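One structure is given below, encoded as structure tokens.
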Amino acid sequence: MDFLEHLLHEEKLARHQRKQAMYTRMAAFPAVKTFEEYDFTFATGAPQKQLQSLRSLSFIERNENIVLLGPSGVGKPHLAIAMGYEAVRAGIKVRFTTAADLLLQLSTV
């Protein structure tokens, strides 16, 4: 029985990893970015506590949108990708796009 449990556990783990890899590819991130890699010294307009609360993804459960505004060079795409990657790790499908690409897609419809 112990062998069978181990085999089933390994299969479940492999399926989870394949699903996460597929969701990451489907998200079309230009690069994988995480909250651990983010330099919070650039985020002068938002408290670190507020930015870390985004990591919990509770805004998704509340059906809320997040808008990241700020000057050039503060890491808005990094934070967006990090939130998206956290969602992928939680088993949620996401799609990364820039505002420019979104406007281009909407104008061709």
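For what it's worth, UniProt numbering labels the leading residue of the sequence shown as 1, then goes sequentially.
C-beta: ideal position from N, C-alpha, C; glycine also.
The structure displayed is predicted, hence computed values, not measured ones.
- CA-CA distance, L51 to P77, rounds to 13 angstroms.
- Collapsing the DSSP output to three states places Y85 in a helix.
- The beta-carbon distance between A21 and R95, rounded to whole angstroms, is 16 angstroms. This is too long to meet the 8 angstroms contact definition.
- In the structure shown, K93 falls within a coil segment according to DSSP collapsed to helix, strand and coil.
- In this structure, F35 and A80 do not form a Cβ contact; the two beta carbons are roughly 12 angstroms apart against a cut-off of 8 angstroms.
- Within 10 angstroms of the beta-carbon of F29 lie 16 or more other beta-carbons, which makes it buried.
- Taken in chain order, the complete alpha helix (DSSP H) segments of 4 residues or longer contained in the segment 50–82 are 58–61.
- The Cβ-Cβ distance between Y23 and V88 falls below 8 angstroms.
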